[in-house]
Amino acid sequence: MQYRTLAFECRDHIGWLTLNRPDRLNALSVEMIQELRQFFGGLDQHLDARVVVVRGAGRAFCAGMDVKDLAEIMGKGAEDGKGPPGLATSGHILQRSVSEIVIQMRRAPQPLIGAIRGSAAGGGFSLAMACDIRLAGQSARFGANNIRIGYSGGDMGSSYFLPRLIGLSRAAEYLYTGRIMDATAAERIGFVSRVVPDEQLDQAAEELAREMVSATPFALRLTKEILNMNIDAPSLLAATEVEGRGNLLCGFTEDAQEATRAVFFEKRPPKYRDA
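Numbers 9 to 283, taken from this note's numbering, label the letters of the sequence shown in order.
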């Protein structure tokens with residue numbers, strides 16, 4: 009599929025999704041929102057990409073919602089405080105559409121690696137959180153700045169993701185204040201896995217992705233699914249039941265048998281067929 013605001017390529021089972029509006033710091037336009045929904049919603053049809061790296065073109069990851077598009081949606085109502093008929097409905101539709109992106113990111117079969125340099129603010133912060141793993145360039149800056157412009161700090165899943173990533177108290181501090189988290193702080197509190205110089209970020213993401221694609225494709229997809237289910241598991245028993253069934257399924261795949269044969273008996277790299 010051809011995109012106007014995104015760029016995608018797949019090399020050696022690693023997909024590279026680039027938010028491609030560098031002149032607007034990759035801010036979320038209505039068109040980009042639609043294309044992101046199409047992209048993540050269709051990843052289950054592109055299993056040749058076993059891992060997907062998400063990054064931004066230029067000097068930012070994503071600066072949040074494009075204020076020009078937002079102003080058009082709000083219309084002249086922002087000037088007199090009244091707004092045109094249907095404004096609330098239009099805003100609600102947009103909010104649901106934007107929020108669907110992070111849901112689709114979690115549903116996508118492939119693990120997502122966020123490779124973040126520059127600003128990841130507002131909706132860009134949420135996109136980073138919805139990735140399974142985050143790597144940061146030294147220039148990375150994160151923030152839920154909605155609270156500073158009259159909106160709730162909870163947006164696009166931020167109130168769900170952030171407490172699970174850094175704990176409730178720290179999450180509350182960032183969401184209540186809109187404070188900026190630099191790359192050093194993000195690594196210290198575990199929001200990102202690693203910080204590297206900006207020019208080494210793509211290489212670091214590719215090295216991590218290559219480690220991940222050495223697993224059997226089915227097992228990698230299933231591990232993501234299990235992690236996402238068990239982060240909200242009601243008990244240890246429920247979590248282990250999900251894990252047990254997952255491993256049982258893996259054991260019946262040809263790739264699992266190939267991996268066992270190659271690693272333990274023939275001492276060679278396995279050759280997977282995703283079967």
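Ideal placement from N, C-alpha and C gives every residue a C-beta, glycine not left out.
Just so it is clear, the structure is predicted and the values come from calculations on it, not from any experiment.
Reference residue i; option with closest CA among the options
i           : options              : result
residue 76  : 21, 37, 137 and 266  : 37
residue 265 : 254, 280 and 252     : 280
residue 129 : 73, 169, 26 and 177  : 73
residue 247 : 275, 233 and 214     : 233
residue 145 : 21, 259, 195 and 120 : 195
residue 19  : 60, 42 and 115       : 60
residue 14  : 21, 43 and 23        : 43
residue 169 : 17, 256, 240 and 273 : 240
residue 262 : 230, 224 and 242     : 224
Cβ distance (whole Å) where residue i is taken to contact residue j below 8 Å
i           : j           : result
residue 12  : residue 39  : 6 Å
residue 152 : residue 163 : 7 Å
residue 142 : residue 201 : 6 Å
residue 113 : residue 120 : 6 Å
residue 217 : residue 41  : Contact doesn't hold; Cβ gap of about 26 Å is too wide.
Close-in-space but distant-in-sequence residues of the same chain around residue i (CB under 7 Å, 5 per side omitted)
i           : result
residue 127 : 33, 68, 69, 71 and 149
residue 28  : 13, 14, 15 and 65
Beta-bridge pairing of residue i - partner residues as DSSP gives them
i           : result
residue 273 : None, per the DSSP bridge assignment.
residue 18  : 23
residue 36  : 73
residue 150 : 128 and 189
Neighbourhood of residue i by C-beta, 6 Å cutoff - its chain only, sequence neighbours within 5 removed
i           : result
residue 66  : 30
residue 52  : 117
residue 189 : 150
residue 24  : 17 and 61
residue 26  : 15, 63 and 65
Cut-off 8 Å between Cβ atoms - residues of its own chain near residue i, not counting five sequence neighbours on either side
i           : result
residue 139 : 62, 113, 120, 121 and 122
(message) List, from N- to C-terminal side, the beta strand (DSSP E) runs of 3 residues or more that fit wholly inside the region 59 to 147.
(response) With a minimum length of 3 residues, the continuous beta strand (DSSP E) runs that stay inside the region 59 to 147 are 59 to 64, 120 to 124, 127 to 129 and 141 to 145.
(request) Enumerate, from N- to C-terminal direction, the unbroken beta strand (DSSP E) stretches of 3 or more residues contained entirely within the region 152 to 231. (result) Listed in chain order, the complete beta strand (DSSP E) runs (minimum 3 residues) inside the region 152 to 231 are 202 to 204.
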